[in-house]
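Have a look at the structure below before the remarks.
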């Protein structure tokens, strides 16, 4: 059940350069001061070289350096610097909008569904399907559903190009139950106003995200494969109307403290529609979390691996964007985290923390013969980006998929596991980095890192690690 047995005898490797955070050509293994990824296949080396060649051919590669993690915000900031016309977009709400330079871009093709077999159940009325999954007949009033009297300790905790993230404590009706911290993810849809530099999502585009969120949450109830490693979704609501005033004030407080990159919520019309996802609060993201030592992060990696493996087995799931901003970590008093994999009960030491995987915007999944995926085939900017090993992963995914984003290629989960391992070795913060225990587990992570790319899926990896073959 340990990873100690992993190793390799290859003489060459490819490396992650710490100065540039980019994958470079293979070098001799005796260079020990760099993070090494042992490659057992010539095809993998060729893939990396071809990926670099393709991206270097794009003229914008040299200037498109993005921050690690949530890349859409960083990409939008970069777009604002790429001035083609010396004028700015204007509107009646111009003072509420973040200034943006006019620029022609090649956007991704967005969410798509493919029917794997002959099927007569083709969805045409996406609005009714969204309402169905919200258990509603019509949109509810935003300011009524999320009135301040129903929420305690509310604050804005984050944001993205999609919208805003708030946290509040839900008031319990029964005295014998604990108050519960809830995360609100507020997403404007179907409006004509451009928000945060992007068009609003349609019912057709938001429906797959709702379906995926519900499906991944349901894996905690699986019969043959189970995991609690994905976001626990309490409710999805379709609401309409003005942004609640108390949430606007919280947005402004966040803006004063951290300087929001999003447009002010007063830009929305009085009849604006929003999808609101209510999720269990699951801690802070991996980039901000302070680990005790590498022993703790070693078992975090095992939690992530098993969650991905369960997703692959149950619904051909690929996350495709598992950067450290999409991995949440929270304290737990449980000594072990339980899973079921191929009907076998497995337990992983928690070492005091529990992992939750979030954000399925780029994910690929099969649900009831429907393949839902995000078509990135024309998203040149994402594949031209640099600044972190994360951006090499997108190019490696594209090459693995041959730019066919509907296909199921669980190797993409392996690529992200290699990224996570690299961050656990050299990116995250450790409180006790000088202890023998920490150094022992850093070496275990390095050993695992040297082997990870030889696996074809998270399932393949988990079977090896937990001796399930």
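Residue numbers (the working numbering): 130 to 598.
Don't be surprised by glycine CBs; every beta carbon is placed ideally from N, CA and C.
Check                                                                                                                                                                      : Outcome
Consider the C-beta atom of residue 264 and the heavy atoms of the ligand FMN; say whether any pair is separated by less than 8 Å.                                         : For the structure depicted, the ligand FMN is absent and the ligand set is empty, with no information on it obtainable.
What residue does the beta strand (DSSP E) around residue 299 start on, and which one ends it?                                                                             : 292 to 299
Check the C-beta distance from residue 492 over to residue 448 and give it rounded, since I have them as a contact under 8 Å.                                              : 5 Å
How is residue 434 classed by DSSP in three states: helix, strand or coil?                                                                                                 : helix
Between the C-alpha atoms of residue 542 and residue 569, what's the straight-line distance to the nearest angstrom?                                                       : 26 Å
Which residues bound the beta strand (DSSP E) around residue 363?                                                                                                          : 362 to 369
Roughly how far, in whole angstroms, is the beta-carbon of residue 283 from the beta-carbon of residue 375, given that I think they are within contact range, below 8 Å?   : 7 Å
Going by DSSP, what residue range makes up the beta strand (DSSP E) through residue 384?                                                                                   : Unbroken run through residue 384 is the alpha helix (DSSP H), 374 to 387; no beta strand (DSSP E).
Would you kindly report the start and end of the unbroken alpha helix (DSSP H) that includes residue 543?                                                                  : 540 to 555
Could you tell me the distance, in whole angstroms, from the CA atom of residue 214 to the CA atom of residue 576?                                                         : Low confidence applies here, because residue 214 scores a pLDDT of 45, under 50, leaving its location unreliable and the question unanswered by this model.
When the Cα of residue 457 is compared with those of 527, 472, 487 and 274, which residue comes out closest?                                                               : 487
Return the chain-ordered list of same chain residues with a C-beta closer than 6 Å to the C-beta of residue 537, the five sequence neighbours on each side being excluded. : 445
Between which residues of its own chain and residue 275 is the CB-CB distance below 8 Å, once the five residues before and five after are set aside?                       : 313, 368, 373, 376 and 405
Is it buried or exposed for residue 612, if we count other Cβ within 10 angstroms and need 16 for buried?                                                                  : Lying before the first or after the last residue shown, residue 612 is absent from the chain, which here runs from 130 to 598.
Secondary structure at residue 415, three-state DSSP: helix, strand or coil?                                                                                               : coil
What is the DSSP secondary structure of residue 440, counted as helix, strand or coil?                                                                                     : helix
Output needed for residue 430: all residues of its chain with C-beta closer than 8 Å, excluding positions within five of it in sequence on either side, in chain order.    : 546, 549, 550, 553, 574 and 577
For residue 474, which of helix, strand or coil comes out of DSSP?                                                                                                         : strand
Using a Cβ-Cβ cutoff of less than 7 Å, which residues in the same chain neighbour residue 461 once the five nearest sequence positions on both sides are dropped?          : 479, 481, 482 and 483
What separation, rounded to the nearest whole angstrom, lies between the Cα atoms of residue 379 and residue 388?                                                          : 13 Å
Who are the near neighbours of residue 184 in its chain, counting only those whose CB is closer than 7 Å to its CB and skipping five residues on each side?                : Summary for residue 184: the model assigns pLDDT 46, below 50, so the residue's position carries little reliability; its value from the coordinates is reported in the next sentence. Same-chain partners within the cutoff: 190, 512, 513 and 524.
Looking at the strands, I want to know which residues DSSP matches up with residue 318.                                                                                    : 330 and 402
Would you check if the distance between the CB atom of residue 485 and the CB atom of residue 411 is smaller than 9 Å?                                                     : yes
By how many angstroms is the C-alpha of residue 323 removed from the C-alpha of residue 291?                                                                               : 11 Å
Thinking residue 320 and residue 402 are a contact (beta carbons under 8 Å), I'd like their distance in whole angstroms, please.                                           : 7 Å
In chain order, which continuous runs of the beta strand (DSSP E) of length 3 or greater are located wholly inside the region 488 to 519?                                  : 494 to 496 and 499 to 504
With DSSP as the reference, label residue 353 as helix, strand or coil.                                                                                                    : coil
Use the C-beta contact count for residue 437: other C-beta atoms within 10 angstroms, 16 or more gives buried, fewer gives exposed.                                        : buried
Look at the Cβ atom of residue 311, then the Cβ atom of residue 343, and state whether they are nearer than 9 Å.                                                           : no
Cutting at 7 Å between CB atoms, please list the residues of its own chain near residue 432, excluding the five before and the five after it.                              : 358, 466, 477 and 484
What does DSSP give as the partner residues of residue 287 in its beta bridges?                                                                                            : 294
What is the rounded straight-line gap between the Cα of residue 565 and the Cα of residue 423?                                                                             : 10 Å
What span of residues does the beta strand (DSSP E) with residue 324 cover, start to end?                                                                                  : Element bounds for residue 324: n/a, residue is neither H nor E.
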